[in-house]
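Taking this note's numbering, the leading residue of the sequence shown gets 308, the next gets one more, and so forth. Each remark here refers to the structure printed beneath this line.
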Amino acid sequence: MCTHAIAALMTGFVLATAGLFVAPAHAQVRPAVQDLASKPIGKVVVATGSVTIERAGAVVIQASTTDQAGQAKVGDLVYQGDVVATGADGRVGINFTDGTSFNLSNNARMALNEFVYDPNSRSNSTLFSLTKGTFTFVAGKVAKTGDMKVDTPVATMGVRGTTPRIEISDDGTVRFSTLIEEGKSGGTRKPGAPAAQQPDQKPYPKSNLNICRGC
């Protein structure tokens, strides 16, 4: 009986000691994760009319050029996971840390799903989801050295050094126009999605749409 009791005490002491060493390791990891999640990925450079930024935890920021209390102003930061939306009279421009710039017209909505950028790495990636409205953007360094994707209701586009314009109508129709600077762009058509349409090429002399199946 005494031997069993001593063994049980020794086991408890070993487990308790191990717990003392393990707990600090977890405590050291947690702040690093929090810092990564709170790192800004860009900032608002233009905001007119009704503009909102929906942040994780259901926080909604009203972004405009007015000085009303509680409203964000030009220069406010955006983060991975934010959703940017404009109202009927809204317009917003956002510059990202890799040099990418997005302009959203009225009644537009864009989710900043993923943004990974390290100027010393070639394993960078971005994923933005566009659900409605008109968007124009200039691709930055991620598109040239990493993996930049833009998701729409009809296709997920891979972007390489391009300046696209995307229009998403209320009925789900999507129009793509691309000013080719260098390289190429490609995309993956979504099953069952309505066909994407190309606009008149006169305003965009080098417009094209490259969507492939299974690529």
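Cβ atoms here follow ideal geometry from the backbone N, Cα and C, with glycine treated the same way. Everything numeric in this text was worked out from a predicted model, so none of it was measured.
Cβ pair residue i, residue j closer than 8 angstroms
| i | j | result |
| --- | --- | --- |
| T393 | V445 | no |
| V381 | V351 | yes |
| D396 | G440 | no |
| G388 | A363 | yes |
| R472 | T443 | yes |
From the options, residue whose alpha carbon lies closest to that of residue i
| i | options | result |
| --- | --- | --- |
| R429 | K451, T443 and F442 | K451 |
| P426 | V449, N414, Q387 and N413 | V449 |
| A415 | V391, F422, D405 and F483 | V391 |
| P347 | R398, G356 and L419 | L419 |
| T463 | S476, T404, D478 and T433 | T433 |
| M417 | S345, T480, V481 and E361 | E361 |
| S476 | N413, T469, D454 and F422 | N413 |
| Y424 | T438, D405 and L437 | D405 |
| T469 | T485, D458 and D454 | T485 |
First through last residue of the alpha helix (DSSP H) which encompasses residue i
| i | result |
| --- | --- |
| A363 | No alpha helix (DSSP H) holds A363; DSSP gives it neither H nor E. |
| K451 | K448 to T452 |
In DSSP terms, what residue i is bridged to
| i | result |
| --- | --- |
| T404 | According to DSSP, T404 bridges with nothing at all. |
| N410 | G400 and T443 |
| S436 | A418 and D458 |
| K350 | L384 and N402 |
| S484 | R472 |
| A392 | T359 and R416 |
Cβ-heavy atom distance, residue i to the ligand NAD, below 7 angstroms
| i | result |
| --- | --- |
| T452 | Inclusion of the ligand NAD in the displayed structure is not the case, the ligand content being empty and no account of it being possible. |
Host beta strand (DSSP E) of residue i (start-end)
| i | result |
| --- | --- |
| T463 | A462 to V466 |
Cut-off 7 angstroms between Cβ atoms - residues of its own chain near residue i, not counting five sequence neighbours on either side
| i | result |
| --- | --- |
| V399 | V351, V353, A354, V358, A370, V391, T393 and L411 |
| N402 | G349, K350, V352 and S408 |
| G447 | F403, D405, G406 and T407 |
Same chain only: Cβ atoms within 8 angstroms of residue i, ignoring 5 sequence neighbours per side
| i | result |
| --- | --- |
| K268 | In the structure displayed, the chain extends from 308 to 522; residue 268 sits before or after that span and is not available. |
| Q345 | Checking the sequence shown, residue 345 turns out to be Ser, not Gln. The answer, listed in chain order, is Y386. |
Own chain partners of residue i with C-beta closer than 6 angstroms, once the 5 adjacent residues on each side are dropped
| i | result |
| --- | --- |
| T438 | R416 |
| G453 | N431 and S432 |
| F422 | I348, Q387 and T433 |
| E474 | T441 and R482 |
| D458 | S436 |
| L523 | Because residue 523 is not part of the residues shown, which for the chain are 308 to 522, the question remains open. |
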